[in-house]
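Q: Dropping a structure here in structure tokens format, bear with me for questions.
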Amino acid sequence: MAEDKKNSERLGAHLVFVDESGFLLIPNVVRTWAPKGQTPFHRHRYRREKVSVISGITVSPRRQRLGLLFDFHLDNIGAEEAGKFLRDLLGHLRGHVIVVWDNGTPHKGKVIRELCRRFARLHLEAFPPYAPEMNPDEGVWRYAKRKLANGRPDNVLDLMDSVLDAMIDVDKSPDLLKGCIRHSELPPFLR
Numbered sequence: 001m002a003e004d005k006k007n008s009e010r011l012g013a014h015l016v017f018v019d020e021s022g023f024l025l026i027p028n029v030v031r032t033w034a035p036k037g038q039t040p041f042h043r044h045r046y047r048r049e050k051v052s053v054i055s056g057i058t059v060s061p062r063r064q065r066l067g068l069l070f071d072f073h074l075d076n077i078g079a080e081e082a083g084k085f086l087r088d089l090l091g092h093l094r095g096h097v098i099v100v101w102d103n104g105t106p107h108k109g110k111v112i113r114e115l116c117r118r119f120a121r122l123h124l125e126a127f128p129p130y131a132p133e134m135n136p137d138e139g140v141w142r143y144a145k146r147k148l149a150n151g152r153p154d155n156v157l158d159l160m161d162s163v164l165d166a167m168i169d170v171d172k173s174p175d176l177l178k179g180c181i182r183h184s185e186l187p188p189f190l191r
């Protein structure tokens, strides 16, 4: 009996829900409170600079501990950046890793196939097409974008600092991470 338990623990795999998002220097404006007749407004210059982030909510195999890993880029995230994130993920997590993500372009191609070939402990699964509501990592983006709403960073470094603060908030809060999973349309699986 003890041997069976040891084998099942050894065969457990980390589950990681991965997604990407972009944050623009253009303010994300949402409804807010203001004195009657004094509608707030933002003055800003139209700039196309942005920060792209790839992240993954991790669930440990035995104790179902939650974590958040993320990586910043100043350009769009492609297969190279997704591959780097997967390599970092494998360096951070021991044992088998099951990554669940959408069928986006960055998740395909030679770079990703080569990673799967080189690392037998990496397993990639795709959400059904057009089902972002199933990915718990979408909750991370909702939180971060809400936290940045009505702000006006002056430059890309300020934007990156603001996004980093939001990502750290999520990472440090087991309740926020659990909420991201519970508010997704996945079947319940957390104890």
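For the sequence shown, the numbering used here begins at 1 and goes up steadily by one.
Beta carbons are placed, not taken as given, at the ideal position from N, Cα and C, and that holds for glycine.
Are the CB atoms of V97 and H14 nearer to each other than 8 Å?
A: On the sequence shown, position 97 is the one that residue 97 refers to. On the sequence shown, position 14 is the one that residue 14 refers to. Going by C-beta atoms, V97 is nearer than 8 Å to H14.
Q: Under 7 Å Cβ to Cβ from G83, same chain only, skipping five residues before and after it: list those, please.
A: Numbered from its first residue, the sequence shown carries residue 83 at position 83. For G83, where only same-chain residues beyond five positions count, the Cβ hits under 7 Å are V111, I112, L115.
Q: Here's the rule: buried if 16 or more other CB atoms are within 10 angstroms of the residue's CB, otherwise exposed. What is H107?
A: As a working mapping, residue 107 is identified with position 107 in the sequence shown. Flag for H107 reads buried.
Q: Take D102 as the anchor and find which of K178, L93, L124 has the nearest alpha-carbon.
A: Start at 1 with the first residue of the sequence shown, and residue 102 comes out as number 102. Ranking K178, L93, L124 by Cα distance to D102 puts L124 first.
Q: In three-state DSSP terms, what is I168?
A: By one-based count along the sequence shown, residue 168 stands at place 168. DSSP places I168 in helix when its eight states are reduced to three.
Q: Report the rounded CA-to-CA distance for P174 versus F17, giving the unit in angstroms.
A: Working through the sequence shown from its first residue, we reach residue 174 at position 174. Working through the sequence shown from its first residue, we reach residue 17 at position 17. Between P174 and F17, the C-alpha separation is close to 15 Å.
Q: Please name the residue or residues paired with A13 in a DSSP beta bridge.
A: Sequence index remark: in the sequence shown, residue 13 carries index 13 (1-based). Its beta-bridge partners are H96.
Q: Is I77 closer than 8 Å to S52 when the C-beta atoms are compared?
A: What you label residue 52 is simply residue 52 of the sequence shown in a count that begins at 1. What you label residue 77 is simply residue 77 of the sequence shown in a count that begins at 1. Contact flag set, yes.
Q: Report the rounded CA-to-CA distance for F72 versus A166, giving the unit in angstroms.
A: Locating residue 72 in the sequence shown gives position 72, where the first residue counts as 1. Locating residue 166 in the sequence shown gives position 166, where the first residue counts as 1. Their backbone Cα atoms lie some 13 Å apart in a straight line.
Q: Residues in the same chain with beta-carbon distance under 7 Å from A126, minus the five sequence neighbours each way, listed in chain order, please.
A: Residue 126 sits at position 126 when you count from the first residue of the sequence shown. Closer than 7 Å at Cβ, skipping near neighbours: W101, D102, N103.
Q: Among L90, R62, L190, which has the Cα closest to the Cα of R121?
A: For the purposes of this step, residue 121 is taken as the residue at position 121 of the sequence shown. Cα-wise, what sits closest to R121 is L90.
Q: Give me the Cα-Cα distance between G109 and P35, rounded to the nearest whole angstrom.
A: Position 109 of the sequence shown, counted from the first residue, corresponds to residue 109. Position 35 of the sequence shown, counted from the first residue, corresponds to residue 35. When rounded, the distance between both Cα atoms is 53 Å.
Q: Does L148 come out as helix, strand or coil in the three-state DSSP assignment?
A: Along the sequence shown, one-based indexing puts residue 148 at 148. Three-state DSSP puts L148 in a helix.
Q: Rounded to whole angstroms, what's the CA-CA distance from R118 to Q38? Just pull it up for me.
A: The residue labelled residue 118 in the question sits at position 118 within the sequence shown. The residue labelled residue 38 in the question sits at position 38 within the sequence shown. Answer to the nearest angstrom: the Cα atoms are 60 Å apart.
Q: By a C-beta neighbour count over all protein chains shown, 10 Å radius and 16 as the cutoff for buried, is P188 buried or exposed?
A: Taking the first residue of the sequence shown as position 1, residue 188 is located at position 188. P188 should be labelled exposed.
Q: Mind checking which residues open and close the alpha helix (DSSP H) that includes G179?
A: The residue given as residue 179 occupies position 179 in the sequence shown. Per DSSP, G179 belongs to the alpha helix (DSSP H) from 174 to 182.
Q: Which same chain residues, not among the five before or five after E49, have their C-beta less than 6 Å away from its C-beta?
A: In the sequence shown, residue 49 corresponds to position 49, counting from 1. Correct list, in chain order: L25, V156.
Q: Please name the residue in L186, F85, L148 whose C-alpha comes closest to that of E133.
A: As a working note, residue 133 is residue 133 in the sequence shown. Among L186, F85, L148, the Cα nearest to that of E133 belongs to L186.
Q: Would F70 pass as a contact of L148 if the rule is Cβ separation under 8 Å?
A: Residue mapping note: residue 70 aligns to position 70 of the sequence shown, counting from 1. Residue mapping note: residue 148 aligns to position 148 of the sequence shown, counting from 1. Not closer than 8 Å, so no.
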